[in-house]
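Written out below as structure tokens is the structure these notes cover.
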Amino acid sequence: MTDEIRVVLVHDHPALLAGLRVFLDAVQDIVVVGEAATGKDALALIEAQLPDVVILDCVLSRMPGAEIAAQIARRGWPTRVLAFTAYADDESIQEMFQAGATDYLLKIKRFDTLIEAIRATAVGKGYYSMSIVDRIIALRTETAPGDLTRRERHVLALVAQGKTNREIARQL
Numbered sequence: 024m025t026d027e028i029r030v031v032l033v034h035d036h037p038a039l040l041a042g043l044r045v046f047l048d049a050v051q052d053i054v055v056v057g058e059a060a061t062g063k064d065a066l067a068l069i070e071a072q073l074p075d076v077v078i079l080d081c082v083l084s085r086m087p088g089a090e091i092a093a094q095i096a097r098r099g100w101p102t103r104v105l106a107f108t109a110y111a112d113d114e115s116i117q118e119m120f121q122a123g124a125t126d127y128l129l130k131i132k133r134f135d136t137l138i139e140a141i142r143a144t145a146v147g148k149g150y151y152s153m154s155i156v157d158r159i160i161a162l163r164t165e166t167a168p169g170d171l172t173r174r175e176r177h178v179l180a181l182v183a184q185g186k187t188n189r190e191i192a193r194q195l
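The opening residue of the sequence shown carries number 24 in the numbering used here; numbering runs sequentially from there.
Listed below in structure tokens is the structure:
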């Protein structure tokens, strides 16, 4: 890795993307090499740029952040994923880590915390919002790799009740 940390921003809110871009452009050792608002665009951009870090929102309109993280891992790209989200619930945290995210930062933190998180993520040192560290530790010790998420258990319960795919889709 060079002295510069190459970053791709993935978020579906243009104002937040613009704010992150302006903020990070002022940081000498961080270079934003692209931004995307959809999962499809994000994957194409990541493949073309192979950044050191992707700052990824967990919830996007067409493709969940966890799916993007999983695609990055499946394709064997060297990019590390920093989940940057407002969601601190167990399911969101677990889903992102199972998909391949390496770090997890809540949006409520100050932007200078984001710089620390990017630098830590780039070199493989874990970085997590302090308010969720206990949850992350508990989730990593409680959940074996084969365990189902709450949503998966809900879908299975609906299948067990004899619901059709269409009925299940309506309930979700």
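Glycine included, each C-beta is placed from N, C-alpha and C at the ideal position.
- Bridge partners - T136, DSSP secondary structure assignment: For T136, which the question treats as bridged, DSSP gives no partner whatsoever.
- Item | For T187 and A92, the rounded distance between their alpha carbons | 30 Å
- Task: Just the C-alpha distance for I191 and R174, rounded to the nearest angstrom, thanks.
- Result: 12 Å
- Task: Assuming V31 and L66 form a contact by the criterion Cβ under 8 Å, report the distance between their Cβ atoms to the nearest whole angstrom.
- Result: So it is not a contact: roughly 10 Å between Cβ atoms.
- Would you identify the three-state DSSP class for I131, choosing helix, strand or coil? coil
- Task: Would you grab the beta carbon distance between M119 and A106 for me? Rounded to a whole angstrom, and I think it's under 8 Å.
- Result: 5 Å
- Task: Answer yes or no: the CB of Q194 versus the heavy atoms of the ligand GTP, is any distance below 8 Å?
- Result: Looking for the ligand GTP in the displayed structure turns up nothing, as the structure carries no ligands at all.
- Starting from R103, follow its DSSP beta bridges and name the residues at the other end. V76
- Please report the residue range of the alpha helix (DSSP H) in which E58 lies. E58 -> not in any alpha helix (DSSP H); beta strand (DSSP E) instead, spanning I53 to A59.
- From L129, I53, R189 and I95, residue whose alpha carbon lies closest to that of V146: I53
- Task: Take A41 and list the residues in its own chain whose beta-carbon comes closer than 6 Å to its own, dropping the five residues that flank it on each side.
- Result: none
- Give me the Cα-Cα distance between M24 and V56, rounded to the nearest whole angstrom. Bear in mind that a pLDDT of 46 at M24, under 50, signals an unreliable position, so the number given afterwards is only what the model happens to contain. One C-alpha to the other measures close to 15 Å.
- Query: Ends of the beta strand (DSSP E) at I28?
  - Reply: I28 to V33
- Task: Rounded to whole angstroms, what's the CA-CA distance from G149 to V178? Just pull it up for me.
- Result: 32 Å
- Query: Do R103 and V77 have their C-beta atoms within less than 9 Å of each other?
  - Reply: yes
- Message: Counting C-beta neighbours from all protein chains within 10 Å, is the total for Q194 16 or more, i.e. buried, or is it exposed?
- Response: exposed
- How about L73 and W100: are their beta carbons less than 9 Å apart? yes
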